[in-house]
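K.L.:
Mind having a look at this structure? Questions to follow.
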Amino acid sequence: SSVTISHYRVLMMGAPGVGKTALTRQFMTSEYKGTYETTTPEIEEDGMSVSVLLDGEESVMDFLDEEMHPDGEGEDLSIDAYVVVFSVTDVSTYNYAVSTVRRLRVEKGVDRAIILVGNKIDLARQRRVTKHEATSLASKYDCRYTETTAALNQHIDELLVGILSQIRQKLHHP
Ligand code: GDP
212 SSVTISHYRV LMMGAPGVGK TALTRQFMTS EYKGTYETTT PEIEEDGMSV SVLLDGEESV
272 MDFLDEEMHP DGEGEDLSID AYVVVFSVTD VSTYNYAVST VRRLRVEKGV DRAIILVGNK
332 IDLARQRRVT KHEATSLASK YDCRYTETTA ALNQHIDELL VGILSQIRQK LHHP
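Dropping the structure here:
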């Protein structure tokens with residue numbers, strides 16, 4: 212029997228230094244990692260790809276960088292989910308995330324999954340953005356909010372699974 216494996220594209224967005232690279236690297240070591248060999252040369256040049264096994268179904272997720280693909284536009288790219296990262300220690304990165312989410316939802320009318328991520332929660336004493344503030348923003352724009360520590364691999368599996376669940380949910384119940 213043959214099994215069809217779905218491929219999804221995830222665009223990693225956010226100000227420089229918030230932890231996008233660190234998050235994407237940690238996704239590659241997830242315990243949800245499937246068995247499918249991800250050999251997509253065109254992706255290896257500018258992103259990373261991981262196969263994820265969730266609810267008995269395997270999916271390949273390609274992670275693309277905002278710098279290479281602003282707002283996921285150009286070429287024939289179709290983006291299935293947008294991950295908008297900020298650092299909870301840096302208000303300017305949060306403001307950048309706010310304007311990104313607003314641009315996607317309001318100006319571009321994106322109806323795909325958008326996941327807002329507050330990273331670097333290990334730096335608790337330097338926190339400048341509250342969970343409440345970010346949660347309100349997320350609910351206002353129909354996004355999911357998650358907090359992570361990419362540096363210590365905390366809540367990374369939950370985020371990865373959350374992204375995939377959101378993609379599948381939007382496909383089945385748009
Ligand atoms: P990018 O520019 O968004 O891709 O950010 P990077 O992934 O390159 O991370 C920028 C810096 O933040 C690096 O020095 C990382 O080690 C650090 N960093 C990333 N995630 C965390 C985190 O969760 N906690 C802390 N303390 N540092 C982090």
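In the UniProt record's numbering, the protein residues as written are 212 to 385.
Positions of the beta carbon are idealized from the N, C-alpha and C atoms, including for glycine.
I'd like to confirm something about asparagine 330: is its beta-carbon nearer than 8 Å to some heavy atom of the ligand GDP, or not?
P.N.:
Yes, the ligand GDP has a heavy atom inside 8 Å of this Cβ.
K.L.:
If you run the structure through DSSP and keep just helix, strand and coil, what is serine 350?
P.N.:
It is helical.
K.L.:
My assumption, with CB atoms under 8 Å, is that valine 312 sits in contact with tyrosine 352. Please give the rounded CB distance.
P.N.:
Between tyrosine 352 and valine 312 the Cβ distance is about 5 Å, and since that is below 8 Å, they are a contact.
K.L.:
Should glutamate 358 go down as buried or exposed, given a rule of 16 or more other Cβ atoms within 10 Å for buried?
P.N.:
Counting Cβ neighbours within 10 Å, glutamate 358 comes out buried, since at least 16 surround it.
K.L.:
Identify whether tyrosine 243 lies in helix, strand or coil by the three-state DSSP scheme.
P.N.:
DSSP places tyrosine 243 in coil when its eight states are reduced to three.
K.L.:
Quick check on DSSP: helix, strand or coil for threonine 273?
P.N.:
Sequence check: residue 273 is aspartate here, not threonine. Of the three classes helix, strand and coil, the one that applies to aspartate 273 here is strand, per DSSP.
K.L.:
What residues in its chain sit with their C-beta under 7 Å from that of glutamate 253, if we drop five residues either side in the sequence?
P.N.:
Note on glutamate 253: pLDDT 48, under 50, position unreliable in the model; the coordinate value appears next. Result list for glutamate 253: empty, nothing under 7 Å.
K.L.:
What's the call for leucine 363, buried or exposed, on a 16-neighbour Cβ count within 10 Å?
P.N.:
Exposed.
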